[in-house]
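Worksheet for the structure shown next.
Number of protein chains: 2
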Amino acid sequence: MAVTAKELAQMCGVSRMTVHRALTDTGRINQQTKELILKKAKECGYRPDLLARGLVKGQTFYIGVVVLDVNNRYFSQLLSAIGMEARRRGYFVNITLHEENKEMEKEQLERLVDYHVDGVILSSVNQGEEYREFLQSLDTPIVTIGNKIADGIPFVSIQEKKAAREATEVILQKGYEKIVFVCPPLEQTETNTYVHQQRLEGFQEAVAEWNRKLDQEQSEVDTVIIDRNEGFVESTCEELYQTEKRTACFCTGDMFALDIMKYMEGQGRIAGRDYGIIGFDGIDMLNYVAPRLYTIYNPVEEVAKEAVKLLFRLMNGEAEGDNTVILNCQIQEGETL
Amino acid sequence: MAVTAKELAQMCGVSRMTVHRALTDTGRINQQTKELILKKAKECGYRPDLLARGLVKGQTFYIGVVVLDVNNRYFSQLLSAIGMEARRRGYFVNITLHEENKEMEKEQLERLVDYHVDGVILSSVNQGEEYREFLQSLDTPIVTIGNKIADGIPFVSIQEKKAAREATEVILQKGYEKIVFVCPPLEQTETNTYVHQQRLEGFQEAVAEWNRKLDQEQSEVDTVIIDRNEGFVESTCEELYQTEKRTACFCTGDMFALDIMKYMEGQGRIAGRDYGIIGFDGIDMLNYVAPRLYTIYNPVEEVAKEAVKLLFRLMNGEAEGDNTVILNCQIQEGETL
DNA sequence: TTGAAAGCGCTAACAC
DNA sequence: GTGTTAGCGCTTTCAA
Chain A
35 MAVTAKELAQ MCGVSRMTVH RALTDTGRIN QQTKELILKK AKECGYRPDL LARGLVKGQT
95 FYIGVVVLDV NNRYFSQLLS AIGMEARRRG YFVNITLHEE NKEMEKEQLE RLVDYHVDGV
155 ILSSVNQGEE YREFLQSLDT PIVTIGNKIA DGIPFVSIQE KKAAREATEV ILQKGYEKIV
215 FVCPPLEQTE TNTYVHQQRL EGFQEAVAEW NRKLDQEQSE VDTVIIDRNE GFVESTCEEL
275 YQTEKRTACF CTGDMFALDI MKYMEGQGRI AGRDYGIIGF DGIDMLNYVA PRLYTIYNPV
335 EEVAKEAVKL LFRLMNGEAE GDNTVILNCQ IQEGETL
Chain B
35 MAVTAKELAQ MCGVSRMTVH RALTDTGRIN QQTKELILKK AKECGYRPDL LARGLVKGQT
95 FYIGVVVLDV NNRYFSQLLS AIGMEARRRG YFVNITLHEE NKEMEKEQLE RLVDYHVDGV
155 ILSSVNQGEE YREFLQSLDT PIVTIGNKIA DGIPFVSIQE KKAAREATEV ILQKGYEKIV
215 FVCPPLEQTE TNTYVHQQRL EGFQEAVAEW NRKLDQEQSE VDTVIIDRNE GFVESTCEEL
275 YQTEKRTACF CTGDMFALDI MKYMEGQGRI AGRDYGIIGF DGIDMLNYVA PRLYTIYNPV
335 EEVAKEAVKL LFRLMNGEAE GDNTVILNCQ IQEGETL
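Read top to bottom, the protein sequences are chains A and B.
Just so we're aligned, residue 35 is where the first sequence starts under our numbering, counting upward by one.
Just so we're aligned, residue 35 is where the second sequence starts under our numbering, counting upward by one.
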């Protein structure tokens, strides 16, 4: 069924080379034979074998993308944006999922590299020096996004810490006396939690700063950190109302925040009225939930664009400096603080 | 950096063939040389070139997936499930997005085929005989899901029409006298809307059946069909309250339903109390929205599993009969009817 | 038990 | 303008 260039050549009574010239429009070639070949090629539905081409050119015009999953606005928009940017440059995208499994992530990367993708965009759950060496051993341009792996690995991200600090300041300025900080388990975990660690640090810095500036008679802000384990919703909610202090909750992800809001609503407690709450990322779903959640907007499209731009610079050997891009992000107001 | 089998052979002082035998563990080979080779291979981080292998074997152990987008539970869970099933069989998955663009869909398919994926799972926006021929001309096993293309193309789906009929019966039994049916534009559209058409037909059949069985004094059910165009929310809402009849809304997608609920809430109208509404698919987001939306649950994982199973049957040449798999799906109760 | 040779379908370098 | 030759890295066939 599939026609090869060789067969085409036979049909047209010319050499393989001439066919090649006609198809790739390179070199000197007789206009008539060229047209004949192109016509024939169309007739038989000739399509070049990209494996063969990739093998000889050492370039496949594919970039690989390895991400956690895909079920949220963040990755979805990221992937769309990466796709667009890649296509603009004549590249296609091969998306694979690692589902938060460190070994799977490695496998996917190796497989992509073995297939000679020209570059990779990676949102990793691995980290550290050892992994850095692994990535470098792949000998393929890689740009990481979100979680940082180690110094020296190209990296695109947002100003996590700064954003968390600013959000915390907003909470404090609104007069909350206690803050419950909810994030995934950061200790005793093997997976990369860089993003959430940064957010925690920003939070802690802002609180420390605030306490330092207090008047004599004012008391320090009360803080509690809760791991998003089994039962985190219940324990967070207890913290939220077993106190006389005005209490707010800072979640390092919008989904955690929504879970809490939902549970609290079941108890008759309304966000913004009975307690404060803020999320992180600004996922689409927020448009459908009342009251409107305060959050920190994560500019995914920009992250994607920058990642692709950086990747192409690496692929073209134009890399210079430390190849880190950190984007700004802003608080998106809501009704829950 | 990257070592080839040839170089390995030189290092070990054997022929390329012996290396190959050691690596693939085939044929007779001296145990000692084999161990030496494997050891060396590990040291240099030898990895087979999958392009070269694919070229000669005519098999890549990749399956391609082409879907609309990725930003909802449906596709997300679909992709995870496809990934799992494929991995169980030693295959990897290459996911690409067509973003509801018919030309892009074709491009992605061609590209995948040119890269010799061994099979494809496709959720299409194209349809008809011409497209069927296109798909067949690709000469690669393809399984379609969701939208049907044409007879003769392997197809996995749910019982759209039956589910819509049953849902309509539920609405009618609850005493609603008017139903507003909301779906994407089905006429004058080039893209494949099979799924939504089926749902519409199921709805219409149920209404017709109901009207046929009415007593003398009872009046027929009133129905309105609204295209999900610009402004569909407003027009739907007008239909919902510019009448004295008890009115319900049947949306062929949960998202449409949520849009309407949100707008109505802005007008002080609560679903389940002031009007009825039901969606379709059972997306995750529903867990976070109050009141709980009535919907029809779409069993994605099963669809994915069946699609992969069917695809592997096709790839192994075990295809028999018409290769259509239709799964059951059920109404998921909520508070909005 | 090992090796040599041919070929997958394509591109690149050089000759005619 | 066109054809020949060689080679990408691997697998397969056949001979030693």
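Where a beta carbon is used, it is the ideal one built from N, C-alpha and C, also for glycine.
Computed from a predicted model, the values in this text were never measured in an experiment.
Residue i: contacting residues in chain B (beta-carbon distance under 9 Å)
| i | result |
| --- | --- |
| residue 130 of chain A | 117, 126, 127, 128 and 129 |
Straight-line Cα distance separating residue j from residue i
| i | j | result |
| --- | --- | --- |
| residue 180 of chain B | residue 265 of chain B | 27 Å |
| residue 76 of chain A | residue 93 of chain B | 25 Å |
| residue 370 of chain A | residue 138 of chain B | 42 Å |
| residue 78 of chain A | residue 59 of chain A | 19 Å |
| residue 182 of chain B | residue 156 of chain A | 34 Å |
| residue 102 of chain B | residue 191 of chain B | 16 Å |
| residue 351 of chain B | residue 162 of chain B | 25 Å |
| residue 56 of chain B | residue 83 of chain B | 16 Å |
| residue 315 of chain B | residue 51 of chain A | 54 Å |
| residue 159 of chain B | residue 165 of chain B | 10 Å |
| residue 275 of chain B | residue 218 of chain B | 22 Å |
| residue 197 of chain B | residue 176 of chain B | 26 Å |
| residue 336 of chain A | residue 361 of chain A | 8 Å |
| residue 303 of chain B | residue 239 of chain B | 30 Å |
| residue 327 of chain A | residue 298 of chain A | 14 Å |
| residue 397 of chain A | residue 148 of chain B | What is shown of chain A runs 35 to 371, which leaves residue 397 of chain A out entirely. |
| residue 313 of chain A | residue 109 of chain B | 25 Å |
| residue 39 of chain A | residue 69 of chain A | 15 Å |
| residue 357 of chain A | residue 47 of chain A | 52 Å |
| residue 247 of chain A | residue 36 of chain B | 58 Å |
| residue 223 of chain A | residue 231 of chain A | 12 Å |
Distance CB(residue i)-CB(residue j) smaller than 9 Å
| i | j | result |
| --- | --- | --- |
| residue 310 of chain A | residue 281 of chain A | yes |
| residue 292 of chain B | residue 323 of chain B | yes |
| residue 150 of chain B | residue 142 of chain B | no |
| residue 269 of chain B | residue 259 of chain B | no |
| residue 262 of chain B | residue 236 of chain B | no |
| residue 286 of chain B | residue 204 of chain B | no |
| residue 225 of chain A | residue 144 of chain A | no |
| residue 301 of chain A | residue 331 of chain A | no |
| residue 169 of chain B | residue 98 of chain B | no |
| residue 129 of chain B | residue 128 of chain A | yes |
| residue 119 of chain A | residue 338 of chain A | yes |
| residue 279 of chain A | residue 228 of chain A | no |
| residue 344 of chain A | residue 334 of chain A | no |
| residue 220 of chain A | residue 213 of chain A | no |
| residue 116 of chain A | residue 341 of chain A | yes |
| residue 104 of chain B | residue 104 of chain A | yes |
| residue 346 of chain A | residue 123 of chain A | yes |
| residue 42 of chain A | residue 89 of chain B | no |
| residue 256 of chain A | residue 277 of chain A | yes |
| residue 178 of chain A | residue 188 of chain A | yes |
| residue 245 of chain B | residue 254 of chain B | yes |
Chain B residues whose Cβ lies nearer than 7 Å to that of residue i
| i | result |
| --- | --- |
| residue 296 of chain A | 322 |
| residue 133 of chain A | 114 |
Chain A residues whose Cβ lies nearer than 9 Å to that of residue i
| i | result |
| --- | --- |
| residue 104 of chain B | 104, 105, 109, 110, 113, 114 and 129 |
Chain A residues whose Cβ lies nearer than 7 Å to that of residue i
| i | result |
| --- | --- |
| residue 319 of chain B | 319 and 322 |
Listed by chain order, chain A residues near residue i by CB distance under 8 Å
| i | result |
| --- | --- |
| residue 89 of chain B | 83, 85, 86 and 89 |
| residue 299 of chain B | 324 |
In chain order, what are the residue ranges of uninterrupted beta strand (DSSP E) at least 3 long that sit wholly in the stretch 303–359 of chain B?
310–312 and 329–331
For the stretch 74–86 of chain B, which residues have a beta carbon sitting closer than 9 Å to at least one beta carbon of chain A?
79, 81, 82, 83, 84, 85 and 86
Taking Cβ-Cβ distances below 8 Å as the criterion, which residues of the stretch 136–154 of chain A are in contact with chain B?
142, 144, 145, 147, 148, 149 and 150
Unbroken beta strand (DSSP E) runs of length 3 or more, entirely within the stretch 242–304 of chain B: which are they?
256–261 and 281–285
Considering only residues of the stretch 108–186 of chain B, which uninterrupted beta strand (DSSP E) runs meet the minimum length of 3 residues and lie entirely inside it, listed in chain order?
126–131, 153–156 and 176–179
Listed in chain order, which residues of the stretch 40–73 of chain B have Cβ atoms closer than 8 Å to some Cβ of chain A?
none
Note down, in chain order, all residues in the stretch 220–247 of chain B with a beta-carbon under 9 Å from any beta-carbon belonging to chain A.
none
Please list the residues of the stretch 263–296 of chain B that have a C-beta atom closer than 9 Å to any C-beta atom in chain A, keeping them in chain order.
289, 292, 293, 295 and 296
Jot down the residue ranges of each uninterrupted alpha helix (DSSP H) in the stretch 74–109 of chain A, minimum 4 residues, whole runs only, in chain order.
84–91
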